[in-house]
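Heads up, the sequence shown is in the numbering used here, so the first residue is 1045 and it goes up one at a time.
For each residue, glycine too, the CB sits at the ideal point set by N, CA and C.
Below is one structure, written out as structure tokens, with a few remarks after it.
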Amino acid sequence: MIFFNLSNLEERLRGNSLQANHLFTYFMINIILVILSLSTSKQPEDTEVWIMGLSTLMTAIITIGFLIYLFDLCKRAGSENRFLEFYFSLGFVVVLNFAVFILIPIAVLIKILNLPLLDFPLPNLVLDVLLEVIFYYILTRSFQRVLVPTKPD
1045 MIFFNLSNLE ERLRGNSLQA NHLFTYFMIN IILVILSLST SKQPEDTEVW IMGLSTLMTA
1105 IITIGFLIYL FDLCKRAGSE NRFLEFYFSL GFVVVLNFAV FILIPIAVLI KILNLPLLDF
1165 PLPNLVLDVL LEVIFYYILT RSFQRVLVPT KPD
């Protein structure tokens, strides 16, 4: 199973050489992460309802929009039957890289600089939306690299 080497995973997906048990593991990890994020995400008590509603709406729009776009990329490449394989495996590795190289450094920087960002819902919402768009952009680029036809030897 590949954890960090995105280019290696992309190459194996292009060659259709990823084992089914690895795909299932990627799927299960994604499901567990979604469950954990839903059960641990809490808004501050004083957050206005409209901010929470706007946050949910923005997340839904971004997620659904990018998923439709990613599926369309697969369809145009004739690989729509492999969409879930690509999404769960690439998604896991991108999330892991994203967390280690983007989210954790941002959290450390916020802590070091003692920024009260989390005390203000609107900047927090903007940061969340920005990070979601960056994540899906990275995932989209990875999909595009996998879907490029390989040249025969």
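Cutoff 8 Å: residue i Cβ touching any chain B Cβ
i       : result
PHE1142 : The structure shown contains no chain B, having only a single protein chain.
Collapsed DSSP secondary structure at residue i in the structure displayed
i       : result
GLN1063 : coil
VAL1078 : helix
VAL1192 : coil
PHE1047 : coil
ALA1121 : coil
LEU1159 : coil
Assumed close pair residue i, residue j - CB separation to whole angstroms, cut-off 8 Å
i       : j       : result
VAL1138 : LEU1183 : 5 Å
LEU1057 : PHE1130 : 6 Å
PHE1044 : TYR1181 : The first residue shown for the chain is 1045 and the last is 1197, placing residue 1044 beyond what the model contains.
PHE1132 : ASN1074 : 5 Å
Reference residue i, options the options, closest by Cα
i       : options                            : result
ALA1104 : PRO1193, GLN1188, VAL1177          : VAL1177
SER1099 : ASP1116, VAL1173, PHE1179, PHE1187 : VAL1173
PHE1179 : MET1072, ASN1141, ILE1148          : ASN1141
MET1102 : ARG1185, LEU1191, VAL1170, VAL1190 : VAL1170
ILE1046 : ILE1146, LEU1134, ASN1168, LEU1159 : LEU1134
LEU1191 : LEU1077, LEU1114, ASN1074          : LEU1114
PRO1193 : SER1123, HIS1066, VAL1144          : SER1123
Between the CA atoms of residue j and residue i - distance to the nearest angstrom
i       : j       : result
ALA1121 : PHE1048 : 25 Å
PHE1127 : ILE1150 : 31 Å
ASN1060 : GLU1054 : 10 Å
LEU1117 : SER1051 : 19 Å
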